[in-house]
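**Q**
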Amino acid sequence: MTTHAQTIGIAGAGAWGTALANAAAIAGNDVVLWMRSPEHAAALAAARANERFLPGVKLHDRIRPTADLADLASARAVLLVTPAQTTREMSAALASVLPPATPLVLCAKGIERESRAFLCDVVEAVRPGAPVGVLSGPSFADDVARGLPTAVTLACRNAALAEELATALSGPTLRVYHRTDLRGVEIGGAAKNVLAIACGAVAGKGLGESAKAALIARGFAELLRFARAYGAKAETLMGLSGLGDLVLTCSSAHSRNFAFGQRLGQGMSVEEAAGGKLVEGAATASALVALARAKNVDMPIAEAVEQVLSGAWSLDQAVDALMNRPIKSEH
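Here the sequence shown is numbered in numbering that gives the first Met the number 0, starting from 0 and rising by one per residue.
1) When we look at the beta-carbon of Asn323 and count the other beta-carbons within 10 Å, is it buried (16 or more) or exposed?
2) Just to confirm before moving on: does the CB-CB distance between Leu239 and Pro137 stay below 8 Å?
3) Return helix, strand or coil for Thr179, following the three-state DSSP convention.
4) Do Val193 and Leu287 come within 8 Å of each other at the CB atom, strictly closer than that value?
5) Please work out which residues of its chain come closer than 8 Å, Cβ to Cβ, to Ala44, disregarding the five sequence neighbours upstream and downstream, and give them in chain order.
6) If you draw a straight line from the alpha carbon of Ile110 to that of Phe117, how long is it in whole angstroms?
7) Using CA coordinates, which residue listed in Ile25, Leu68, Ser254 and Ala83 is at the minimum distance from Lys57?
8) Evaluate the contact criterion for the stretch 89-97 versus the stretch 178-195: three or more CB pairs, one atom per stretch, below 8 Å.
9) How many Å lie between Ala41 and Gly128 at the Cα?
10) Quick check on DSSP: helix, strand or coil for Val246?
11) Would you grab the beta carbon distance between Val133 and Leu103 for me? Rounded to a whole angstrom, and I think it's under 8 Å.
12) Report the partner residues of Leu105 according to the DSSP bridge assignment.
13) Excluding the 5 residues preceding and the 5 following Ala20 in the sequence, name in chain order all residues of the same chain whose CB lies nearer than 6 Å to its CB.
14) Could you tell me the boundaries of the beta strand (DSSP E) in which Asp29 lies?
15) Should the stretch 196-206 be regarded as contacting the stretch 304-317, the criterion being three or more beta carbon pairs within less than 8 Å?
16) Thr6 bridges to which residues according to DSSP?
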């Protein structure tokens, strides 16, 4: 490991991208923070604050905002922090400027809706042979940006690379663990968003804390079954990127997925509940259920969420369907 400063690239300057940029800078790295709009980049460079997404949080002095993708070319690694459904587009754009050896670390949580492909597979198809990683875990952008203690997991197939990147991003308030189970870390982040919608609906409908606890436990059982079917390690899902992220996202209105489900439970339509904002779990639900069916994985909670989002079931019908399933041994 080297101890001198290196450059970390961040593609995406929303709340999470800006928070990770600050964390990487505090950890001792120079940071290039890319965004699409030249006007936004210039304003961010001048104000040294991203008031639109993280009001009250100052941008670290070591962060350089830019709207030129080519400025990421010299980075040791690039964190891709744009919405999951833009992964293919952004990976292709980055492939034109990044050296083949530059790792691209996925920080969005989801499954590509149209192809039903895991995001790592999307990146590897676009950048064959280039290293790919996943950063995931129980983390709210505002907590990380404000320096509140947070722990996440970074996975790469190459153990040495995973350790190097985890060390580079770890600082006084962000602890990054590392793993080689890329699929497990990715699945944990994608599936928990769908389950968080269900938990939010339980809260919004006033079904009680007992129901929410049961849903988290049974949802985690679904997540484990799905992960094993797709080659992930169970111990990965027991960690930060699985159970840890599930507990956080399923228990806090700060989670966009939970808040979306909560509004559904209060009687809003899907469109009203989304409020014009991206909800990753809603975009992922149909792909997750399709992948589960392809492997004959039983995921009744995820399926109930998908049925509600598609308009096939009301919330009352979803609750009835879950509560009237055949009685069986818990496993």
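Cβ atoms here follow ideal geometry from the backbone N, Cα and C, with glycine treated the same way.
**A** Let me spell this out:
1) exposed
2) yes
3) coil
4) yes
5) Arg63 and Pro64
6) 5 Å
7) Ile25
8) no
9) 35 Å
10) helix
11) Wrong, their Cβ atoms sit about 10 Å apart, outside the cutoff.
12) Leu79 and Val133
13) Ile9, Val30, Leu32 and Ile62
14) Asp29 to Trp33
15) yes
16) Asp29
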